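Start counting the sequence shown at 1; every next residue gets the next number (full-length UniProt numbering). Think of the CB as a built atom: it goes at the ideal place given N, C-alpha and C, for glycine as much as any other residue. Please read these numbers as outputs of a predicted model, since none were measured by experiment. Data first, discussion second: the structure below is written as structure tokens.
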Amino acid sequence: MKGKVKRVDVHVRIRPRVGDEIERNDEELVFETPMNGNTLVVTAPKSEVDEIEYVEVLGFTVPKSKPKRRKTYRHFASIQKDISNATFYASAVEPLVKKTLTGTTACCFAYGHTGSGKTHTILGYGEERGMYDLATAQLFSALNELNEQKSIQDDQLKVQVRFNEIYNGEVYDLLNDSAKCFVREDAHGKIQIRGELVTDEETGLTKPSSSTACVATSAGELWDIVHRGMSARSTGNSNVHRNSSRSHALLELEIVTDRILRLRESVTQVEAALTQVGHERDTLEMDIFVRQHDKVEGKWVKKPDARGATQEECNLLLDLRRELVRLDDSVQSAHGAVAQAKIDGVECLGGTLVFVDLAGSEHAGSANDGIVKTEVEQQECREINKSLSALKACFRAHAKNLSSTSCYRGSKLTLLLRDHFRTPQATTMMVATISPSNVHGVQTTHTLQYAQLVGET
Ligand SMILES: Nc1ncnc2c1ncn2[C@@H]1O[C@H](COP(=O)(O)OP(=O)(O)OP(=O)(O)O)[C@@H](O)[C@H]1O
Numbered sequence: 001m002k003g004k005v006k007r008v009d010v011h012v013r014i015r016p017r018v019g020d021e022i023e024r025n026d027e028e029l030v031f032e033t034p035m036n037g038n039t040l041v042v043t044a045p046k047s048e049v050d051e052i053e054y055v056e057v058l059g060f061t062v063p064k065s066k067p068k069r070r071k072t073y074r075h076f077a078s079i080q081k082d083i084s085n086a087t088f089y090a091s092a093v094e095p096l097v098k099k100t101l102t103g104t105t106a107c108c109f110a111y112g113h114t115g116s117g118k119t120h121t122i123l124g125y126g127e128e129r130g131m132y133d134l135a136t137a138q139l140f141s142a143l144n145e146l147n148e149q150k151s152i153q154d155d156q157l158k159v160q161v162r163f164n165e166i167y168n169g170e171v172y173d174l175l176n177d178s179a180k181c182f183v184r185e186d187a188h189g190k191i192q193i194r195g196e197l198v199t200d201e202e203t204g205l206t207k208p209s210s211s212t213a214c215v216a217t218s219a220g221e222l223w224d225i226v227h228r229g230m231s232a233r234s235t236g237n238s239n240v241h242r243n244s245s246r247s248h249a250l251l252e253l254e255i256v257t258d259r260i261l262r263l264r265e266s267v268t269q270v271e272a273a274l275t276q277v278g279h280e281r282d283t284l285e286m287d288i289f290v291r292q293h294d295k296v297e298g299k300w301v302k303k304p305d306a307r308g309a310t311q312e313e314c315n316l317l318l319d320l321r322r323e324l325v326r327l328d329d330s331v332q333s334a335h336g337a338v339a340q341a342k343i344d345g346v347e348c349l350g351g352t353l354v355f356v357d358l359a360g361s362e363h364a365g366s367a368n369d370g371i372v373k374t375e376v377e378q379q380e381c382r383e384i385n386k387s388l389s390a391l392k393a394c395f396r397a398h399a400k401n402l403s404s405t406s407c408y409r410g411s412k413l414t415l416l417l418r419d420h421f422r423t424p425q426a427t428t429m430m431v432a433t434i435s436p437s438n439v440h441g442v443q444t445t446h447t448l449q450y451a452q453l454v455g456e457t
């Protein structure tokens, strides 16, 4: 059932009936896959509401229009029914891990309504190993082989993990007790997730703490880190009582070495010093300016008797400006050292695999869809819709290789994904999970409509 490979591949995964669906003996939707398996035709079972009803319109008796029982969805890379996780992995995720091992970025999205099989696919259950597990096993098997040829400890390949949750337009660090984070663009246009401002006791420099990044040297260690994040996701923190099905979870796995991590830390240190000195210079220049001017009707007007800066101030300004130029050079060379270490290292260094578990598709309807919702739930709906629309626009930009970055500003989710999507040769796939039960027919329609829009990019 495999189809053509595109930059954004959408795989539909249909699970068997489970639990209540079997007990209630739910009727099943009929799935057909004509046209090389890229198209899915879904037919709902016939029911009483399908009996033709007649209504009076302008004095004429006409049949009442009904929602169609048979719907067609196109543009899928594959449609897979009742298959094991291992089979799904081999066809849809293994190629992404291979891409990561060439040093580029691969993103894997999971979308579907609550209970449709996202967790079963991504995390697995019991004997059924999930995508995280199978992917990390494949990653570490390749890294261990490469590490055997490396005698220097600093160059041993490891995996750096970041795990964040986006709920109601805010970002939370799942590896730091769900602490709230801030998304910023640094001076080089890179997206950074930052925590609160902290003062370094040794240097006295104030800098934002970065979001937690844990380093794993084996698949077992990585699995423990992922589990820690998953349990933070299900419990939330004391300030925010959120429901994981209404949030997006973003797990980033990057291939690194101690050498790269140390060089990056030195970049952060120099950048913090640059910011501090820049701040001192700006404050001094502003003090001089304010002393020389009066504010008249909202405008700054130079005082007739304004005196220039003192000799001491001039000297200090000169020193600060010289220091800024020196630090700017240091930042450039620190960045250069990181880039060089990547070039000197193995091909896979910097390769990144990103898993995104999207909010349940049942929350992506209209905030006022007739179902009674609290104000918080309506706000959650609006945020989910906003982020999914922005994501769709970014998939489109990604597929067309567009250079514009404006679509990524549409939501925190897309802002966090921006650098991944824009990595040269980055690839993306989405798994849309659905249940065969007719009871979930409406949610299945939502999932497939969104999946089709993404697939046609
Ligand atoms: N492909 C599958 N084969 C067999 N059972 C499955 C499959 N997918 C899901 N299930 C079963 O269906 C049930 C619901 O699946 P799962 O928990 O993965 O849904 P979910 O979409 O992650 O829901 P939630 O958003 O609540 O976490 C589970 O008992 C799971 O084992």
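Alpha helix (DSSP H) segment containing residue i, residue limits
| i | result |
| --- | --- |
| N385 | 375-399 |
| K98 | 94-100 |
| F421 | 412-421 |
| A179 | It is not in any alpha helix (DSSP H) - A179 instead sits in the beta strand (DSSP E) that spans 179-185. |
| F88 | 85-88 |
| T119 | 118-122 |
Ligand 3 heavy atom lying under 7 Å from the CB of residue i
| i | result |
| --- | --- |
| Y408 | Among the ligands modelled here, namely ligand 1, ligand 3 does not occur. |
Residue i, enclosing beta strand (DSSP E) - first and last residue
| i | result |
| --- | --- |
| N38 | Neither: N38 is in no beta strand (DSSP E) and is coded neither H nor E. |
| I343 | Taken as a continuous stretch (DSSP letters only), I343 belongs to no beta strand (DSSP E), being part of the alpha helix (DSSP H) at 311-344. |
| R70 | 70-73 |
| A132 | First, the residue type needs correcting, since residue 132 is Tyr and not Ala in the sequence shown. Where Y132 is concerned, there is no enclosing beta strand (DSSP E), although the alpha helix (DSSP H) it sits in stretches over 131-148. |
Residue i Cβ short of 7 Å to ligand 1 heavy atom set
| i | result |
| --- | --- |
| Y450 | no |
| Y125 | yes |
| K81 | no |
| P16 | yes |
| G229 | no |
| H120 | yes |
| T114 | yes |
| S437 | no |
| T374 | no |
| T87 | no |
| T433 | yes |
Bridge partner(s) assigned by DSSP for residue i
| i | result |
| --- | --- |
| D294 | V301 |
| F355 | C108, L251 |
| M429 | D9, C108 |
| I166 | V171, H248 |
| E56 | T61 |
| S437 | E28 |
| A216 | V159 |
| residue 458 | With the chain covering only 1 through 457, there is no way to say anything about residue 458. |
Length of the line joining the Cα atoms of residue i and residue j
| i | j | result |
| --- | --- | --- |
| E297 | F182 | 37 Å |
| S151 | L250 | 34 Å |
| C381 | Q449 | 17 Å |
| T199 | T268 | 13 Å |
| V454 | I79 | 15 Å |
| K299 | H75 | 59 Å |
| R291 | E313 | 13 Å |
| T445 | D155 | 49 Å |
| G115 | E21 | 11 Å |
| D419 | L327 | 26 Å |
| L320 | R409 | 35 Å |
| K386 | S411 | 7 Å |
| F163 | T61 | 59 Å |
| N144 | A137 | 10 Å |
| D224 | I122 | 15 Å |
| I14 | S435 | 6 Å |
| G19 | N25 | 10 Å |
Cutoff 8 Å: residue i Cβ touching any chain D Cβ
| i | result |
| --- | --- |
| A337 | Of the protein chains in the structure, only one exists, and it is not chain D. |
Per-residue DSSP class, three states only, for residue i
| i | result |
| --- | --- |
| V18 | coil |
| E265 | helix |
| Q449 | helix |
| E201 | coil |
| K46 | coil |
| C407 | helix |
| S78 | strand |
| A306 | coil |
| E128 | strand |
| H279 | helix |
| T444 | helix |
| residue 510 | Residue 510 is absent from the structure shown; the chain starts at 1 and stops at 457. |
| G189 | coil |
| E362 | helix |
| E456 | coil |
| G229 | helix |
| I288 | helix |
| V240 | Its pLDDT being 45, under 50, V240 is placed unreliably in this model, and the coordinates cannot settle the point. |
| L274 | helix |
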